[in-house]
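S.K.: Can you read through this structure? Questions will come right after.
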Amino acid sequence: MSHVFHRNPKHDYPVAVAGDGCYLIDSHGKRYLDASGGAAVSCLGHSDQEVADAIKAQLDKLPFAHTSFFTNEPMEALADELIARAPPGIERAYFCSSGSEAIESALKLARQYFLEIGQPQRRRVIARRQSYHGNTLGALATGGNLWRRKQFEPLLVEVSHVSPCYPYRDRQAAESELDYGQRLVRELEAEIQRLGPDQVIAFVAETVGGATLGTVPPVPDYFRGVREVCDRHGVLLILDEVMCGMGRCGTLFACEQEGVAPDLVCIGKGLGAGYQPIGALLASGRIHDAVVSGTGFFQHGHTYTGHATACAAALAVQRAIHGRGLLAQVRARGTALQQKLRARFGDHPAVGDIRGRGLFQTLELVADRASKSPFDPARRIHARLKLQAMANGLICYPMGGTLDGVSGDHVLLAPPYIISEAQLDELVDRLALSLDQVLAAQA
Ligand SMILES: Cc1ncc(COP(=O)(O)O)c(C=O)c1O
0 MSHVFHRNPK HDYPVAVAGD GCYLIDSHGK RYLDASGGAA VSCLGHSDQE VADAIKAQLD
60 KLPFAHTSFF TNEPMEALAD ELIARAPPGI ERAYFCSSGS EAIESALKLA RQYFLEIGQP
120 QRRRVIARRQ SYHGNTLGAL ATGGNLWRRK QFEPLLVEVS HVSPCYPYRD RQAAESELDY
180 GQRLVRELEA EIQRLGPDQV IAFVAETVGG ATLGTVPPVP DYFRGVREVC DRHGVLLILD
240 EVMCGMGRCG TLFACEQEGV APDLVCIGKG LGAGYQPIGA LLASGRIHDA VVSGTGFFQH
300 GHTYTGHATA CAAALAVQRA IHGRGLLAQV RARGTALQQK LRARFGDHPA VGDIRGRGLF
360 QTLELVADRA SKSPFDPARR IHARLKLQAM ANGLICYPMG GTLDGVSGDH VLLAPPYIIS
420 EAQLDELVDR LALSLDQVLA AQA
């Protein structure tokens, strides 16, 4: 009997014992092609020797020194590396251990910023429906996914939620992508006006919607409009790039492709690539300066803030991404993956939309392509697909509740940046087989 409190205590999990490039291997020797990097984490695959060596070397020198007493070399070097490539105006890195912690840090720093500059009345946050920002209470309150929030609602602070950018379902037939994006921008501004422009701290959004919506790239000029509205009302723009950042979409920061710079940007997942748990909040110089010249102290912190070994791992990951030309590889393989998905699933009766950017792609599943009607949630297509794919030796990331937290199914793909063309074919073959088996079993 296991003494672990498993995520799903009724499920019998295989035991992962080894990694080999893009594959995970269980205790029976079965190999699984990891087509989602777990949840968009393992961007270098599961056996990167350089990252493992960097961790071992750091352990031999210094595993950890509490950052209320010391700084450390890998943390300083990682901050230099990230800030050198960060969007304009971003000047400081604050390290933590997860994406949720990065979001919590962003919310608290944003609030403290307004105290520092003499606007203590600002206390409201606006985010988007169908977003996911993490599972700690502040991050959960910010996220707009009904299913995840529902049972914890009494514990959540009040956050406004506006429409996500979701053209497949929400753009009107007669509306251009540009017009659709500007309609969303007007909706955001109307919500700021409703709350009172001097009441709002920040607008929080995933640059490319991830786990709950399924890799939706923003329509052109949407984020430019968002940036303008935020600036007009003195509202901070917090971008959540925990999933879509660190090269996943083909540029180190996904927002580079939108031509906007946020005030705060959260990263995680691919930052440590699964070799160590690490997240970070990157902040503008303006916000950092306000704290320094105000109270002089960000009132936050965790025991493992700036953990030396985690930072050494993330530094090795950064060096691998840039030293091995992996951003260009993500763009090339991402294009190839999308082409292969369109070739295989473009006419599939159960695939309504194929979308994404870089190695961050999604199939949205539908019962009927013409009406876009989703499958009955009771069929739990996404859960069955996850199991069937695993049976076929494929790790992918299906999720339900795509439309509204209840109905809709999609399957997210986020393979390692090192995936080969042949492995992309294997991915598509195994996914197609798994999807057809699930649908056939329920026919
Ligand atoms: C966009 C986004 N933000 C935040 C988080 C939370 O990150 P973590 O699970 O590391 O706390 C996630 C995790 O899936 C995410 O996708």
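Going by the working numbering, the sequence shown runs without a break in its numbering and finishes at 442. Note that the Cβ used here is the ideal one computed from N, Cα and C, for glycine as well.
Taking 7 Å as the CB-CB limit, is Gly224 close to chain B?
M.R.: The structure shown contains no chain B; it is built from a single protein chain.
S.K.: Nearest to Pro13 by CA position, among Asp19, Ile24, Ala335 and Gly98, is which residue?
M.R.: Check the Cα spacing between Pro13 and each of Asp19, Ile24, Ala335 and Gly98: the tightest is with Ile24.
S.K.: Note the first and the last residue of the continuous alpha helix (DSSP H) segment covering Cys95.
M.R.: Unbroken run through Cys95 is the beta strand (DSSP E), Ile89 to Cys95; no alpha helix (DSSP H).
S.K.: Quick check: is any heavy atom of ligand 1 less than 6 Å from the C-beta of Tyr131?
M.R.: yes
S.K.: CB of Val264 to nearest heavy atom of ligand 1: below 6 Å?
M.R.: no
S.K.: My guess is that Gly333 and Gly357 are in contact by the Cβ rule of under 8 Å, so how many angstroms apart are they, rounded?
M.R.: The pair is a contact, with the Cβ atoms about 4 Å apart (cut-off 8 Å).
S.K.: Exposed or buried, which one is Gly44 when buried takes at least 16 other CB atoms within 10 Å?
M.R.: buried
S.K.: What residue from Val259, Val365, Ala38 and Gln171 has the CA that sits closest to Pro219's CA?
M.R.: Val259
S.K.: Is Asp375 buried or exposed, if buried means 16 or more other CB atoms sit within 10 Å of its CB?
M.R.: exposed
S.K.: Any idea which residues DSSP pairs Cys265 with across the strands?
M.R.: The bridge partners DSSP lists for Cys265 are Asp239 and Leu280.
S.K.: Leaving aside the five residues before and after Thr304 along the sequence, list all residues of the same chain whose C-beta is less than 7 Å from its C-beta, in chain order.
M.R.: The answer, listed in chain order, is Thr66, Phe94 and Cys95.
S.K.: Would you check if the distance between the CB atom of Thr211 and the CB atom of Thr361 is smaller than 7 Å?
M.R.: Cβ distance not < 7 Å, so Thr211 and Thr361 don't count as in contact.
S.K.: Can you give me the Cβ contacts of Ile82 inside the same chain, cut-off strictly under 8 Å, excluding the 5 residues immediately before and after it?
M.R.: Ile89, Glu90, Arg91, Ala92 and Leu281
S.K.: How about Cys243 and Gly209: do their beta carbons lie closer than 7 Å?
M.R.: Their beta carbons are under 7 Å apart, which means Cys243 touches Gly209 by this criterion.
S.K.: Mind the definition here: the segment 153-165 touches the segment 176-195 only if three or more C-beta pairs lie below 8 Å; say whether that holds.
M.R.: In short, these stretches touch, since the Cβ pair count reaches three.
S.K.: Would you say the segment 420-428 touches the segment 332-349, given that touching needs at least three Cβ pairs under 8 Å?
M.R.: Here the segment 420-428 makes contact with the segment 332-349; the two share three or more CB pairs at distances below 8 Å.
S.K.: With a CB to CB cut of under 7 Å and the five nearest residues on each side skipped, what residues in its chain are close to Ser97?
M.R.: Sequence-distant partners of Ser97 (beyond 5 residues in either direction) whose C-beta falls short of 7 Å from its own C-beta, in its chain, are Gly267, Pro276 and Gly278.
S.K.: Kindly indicate which three-state DSSP category Phe113 falls into: helix, strand or coil?
M.R.: helix
S.K.: Counting only the same chain and skipping the five closest in sequence on each side, list residues whose C-beta sits under 7 Å from that of Cys21.
M.R.: Leu32, Asp33, Gly44, Pro414, Pro415, Ile417, Ile418 and Gln422
S.K.: Is Arg247 closer than 7 Å to Gly273 when the C-beta atoms are compared?
M.R.: no
S.K.: How about Met398: is its Cβ closer than 6 Å to a heavy atom in ligand 1?
M.R.: no
S.K.: According to DSSP, is Gln57 part of a helix, a strand, or is it coil?
M.R.: If DSSP states are grouped into helix, strand and coil, Gln57 belongs with the helices.
S.K.: Just list the residues that DSSP pairs Gln360 with in beta bridges.
M.R.: Gly355 and Leu412
S.K.: One question on the structure: do Asp352 and Tyr112 come within less than 7 Å of each other, judged by their Cβ atoms?
M.R.: no
S.K.: Counting pairs of beta carbons, one from the segment 304-316 and one from the segment 118-125, are three or more of them closer than 8 Å?
M.R.: no
S.K.: Determine the burial state of Ile228: buried for a count of at least 16 other Cβ atoms within 10 Å of its Cβ, exposed for fewer.
M.R.: The sequence given here places Val at residue 228; Ile does not occur at that position. It counts as buried.
S.K.: Got a sec, what are the start and stop residues for the beta strand (DSSP E) Ala309 sits in?
M.R.: Run containing Ala309: none in the beta strand (DSSP E); it sits in the alpha helix (DSSP H), Ala307 to Gly322.
S.K.: Where does the unbroken beta strand (DSSP E) through Tyr12 begin, and where does it stop?
M.R.: Unbroken run through Tyr12: none, as it is neither H nor E.
S.K.: Looking at Leu235: is its Cβ nearer than 7 Å to the Cβ of Ala109?
M.R.: yes
S.K.: Taking all protein chains shown into account, do 16 or more other C-beta atoms lie within 10 angstroms of the C-beta of Gln57, making it buried, or fewer, making it exposed?
M.R.: buried
S.K.: Do the segment 37-53 and the segment 282-298 meet, that is, are 3 or more Cβ pairs less than 8 Å apart?
M.R.: no
S.K.: Skipping 5 residues on each side, what residues in its chain have a beta carbon closer than 8 Å to that of Thr302?
M.R.: Answer for Thr302: His65, listed in chain order.
S.K.: Suppose contacts are defined by Cβ-Cβ distances below 7 Å. Is Asp239 in contact with Glu205 by that definition?
M.R.: yes
S.K.: Taking a contact to mean a Cβ-Cβ separation below 7 Å, would you say Glu49 touches Ala315 in this structure?
M.R.: In this structure, Ala315 lies closer than 7 Å to Glu49 by Cβ.
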